[in-house]
Amino acid sequence: MCQINQIYNKLLDHYGAQGWWPLLDYQKNINDDGLWGYHPDDYSLPKTKIQRFEVCIGAILTQNTAWKNVQKALINLKKLNAIKPDTLKKIDIEKLKKAITPAGYYNQKSKKLKIFADFFISVKNKIPTRNDLLSVWGIGPETADSILLYAYKKPEFVVDAYTKRMFTNLGLIDDNYNYEKIKSFFEENLKNDIIVYQEYHALIVKHAGIYYRKKTNTCKDPLLS
DNA sequence: AACCAGGACGTGA
DNA sequence: TCACGTCATGGT
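With positions in the first sequence counted from 1, the corresponding number in the numbering used here is that position plus 126.
Here you go:
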């Protein structure tokens, strides 16, 4: 128990709870980015199967994509009533591509969404394992962990590009660490708690999005160093 | 006007 | 395993 816990406390103290997803039923609030802030401190979500599905879809759509663009795609899908496994499964692929265009990679992502809809229906009310998710085309380690952590509330730490960049820059992990090794590093040093996992990942994205963009990567971290 | 964003896949060493 | 090219829109 060392610096990564102190960093977590600093980030949480500085930025507050992030309240990431689901989005669609909670988009009334405005946060300090001008984006929609959703439901900080409400860890009862997702409450319904549809909300859970929305989290999964959002996790796929946000692959290497700014969340702001994903918001538009999700709202488009909602208008088509496509935040539903059955509807998404049946929807015309060209219509789907058009709806998710703002989120980019619409050829790949439309295919990924279709395949995921099938998978989501097939698991019924069971909780998929990490390997179940990784076996689905279009779901890699980060998306699998995001789905487990935010949709199914399982304690899987989510590692993204910012996490690696920020913590190598702070000197806490080695540059040659792969995804699984970074994930283990956090899970072995943090309390096994989905609230901590959920907030920490979101806070890293928040903080690194300001101070650890590729261009400003060499800048000194005003909060943590 | 390049550069990058809440990555994953296919290919070739 | 690991490095590299590819996918695509929209903000800065």
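Glycine included, every Cβ here is placed at the ideal spot set by N, Cα and C. For clarity, every value in this text was computed on a predicted model and none was experimentally measured.
Close-in-space but distant-in-sequence residues of the same chain around residue i (CB under 7 angstroms, 5 per side omitted)
{"i": "Gly230", "result": "Thr191 and Asn195"}
{"i": "Gln129", "result": "Leu298"}
{"i": "His140", "result": "Leu349"}
{"i": "Asp158", "result": "Note that Asp158 scores a pLDDT of 49, beneath 50, so its modelled location is shaky; the value from the coordinates is reported in the next line. So the list is empty, once near-sequence residues are dropped."}
{"i": "Gly160", "result": "For Gly160, the predicted model reports a pLDDT of 47, less than 50, meaning its position is unreliable; a value from the coordinates is still stated below. Contacts found: none."}
{"i": "Ile330", "result": "Tyr288, Thr289 and Met292"}
Member of the options whose CA lies at the smallest distance from the CA of residue i
{"i": "Ala143", "options": "Asn295, Phe283, Phe311 and Val322", "result": "Val322"}
{"i": "Gln197", "options": "Phe312, Pro228 and Lys332", "result": "Pro228"}
{"i": "Asp319", "options": "Met292, Ala208, Lys279 and Ser351", "result": "Lys279"}
{"i": "Ile241", "options": "Gly264, Pro254 and Asn251", "result": "Gly264"}
{"i": "Asn295", "options": "Leu214, Ala334 and Gln189", "result": "Ala334"}
{"i": "Tyr353", "options": "Cys345, Met292 and Tyr303", "result": "Lying before the first or after the last residue shown, residue 353 is absent from the chain, which here runs from 127 to 351."}
{"i": "Asn202", "options": "Thr188, Asn304 and Lys223", "result": "Lys223"}
{"i": "Lys309", "options": "Pro281, Lys332 and Leu329", "result": "Pro281"}
{"i": "Leu274", "options": "Tyr303, Lys204, Lys205 and Ile183", "result": "Ile183"}
{"i": "Ile247", "options": "Ile186, Lys210 and Glu220", "result": "Lys210"}
{"i": "Leu239", "options": "Leu214, Lys221 and Lys136", "result": "Leu214"}
Span of the alpha helix (DSSP H) around residue i
{"i": "Val249", "result": "Tyr232 to Val249"}
{"i": "Thr342", "result": "Thr342 -> no alpha helix (DSSP H), and no H or E assigned at all."}
{"i": "Gly335", "result": "Ile320 to Tyr337"}
{"i": "Pro309", "result": "At residue 309 the sequence reads Lys, which differs from the Pro that was named. Per DSSP, Lys309 belongs to the alpha helix (DSSP H) from Tyr305 to Asn315."}
{"i": "Gln129", "result": "Gln129 to Tyr141"}
{"i": "Thr294", "result": "Ala287 to Asn295"}
Neighbourhood of residue i by C-beta, 6 angstroms cutoff - its chain only, sequence neighbours within 5 removed
{"i": "Val181", "result": "Trp147, Pro148, Pro172, Tyr276 and Ala277"}
{"i": "Phe312", "result": "Phe283"}
{"i": "Tyr169", "result": "Ile321"}
Chain-order list of residues whose beta-carbon lies under 8 angstroms from that of residue i (same chain, five-residue window excluded)
{"i": "Lys252", "result": "none"}
{"i": "Tyr164", "result": "Gly145, Trp146, Trp147, Pro148, Leu149, Tyr152, Gln153 and Asn155"}
**Asked** So does the stretch 225-243 actually touch the stretch 133-153, counting three or more Cβ pairs closer than 8 angstroms?
**Response** no
**Message:** If we require 4 or more residues per run, which alpha helix (DSSP H) segments fall completely within the stretch 160-221?
**Reply:** 175-187, 193-205 and 211-216
**Message:** Closer than 8 angstroms is the cut-off here; do at least three beta carbon pairs connect the stretch 286-293 with the stretch 332-345?
**Reply:** yes
**Prompt:** Is the number of C-beta pairs between the stretch 251-259 and the stretch 267-282 that are closer than 8 angstroms three or more?
**Reply:** yes
**Asked** Curious, which full-length alpha helix (DSSP H) runs of at least 4 residues does the stretch 250-279 contain?
**Response** 256-260 and 267-272
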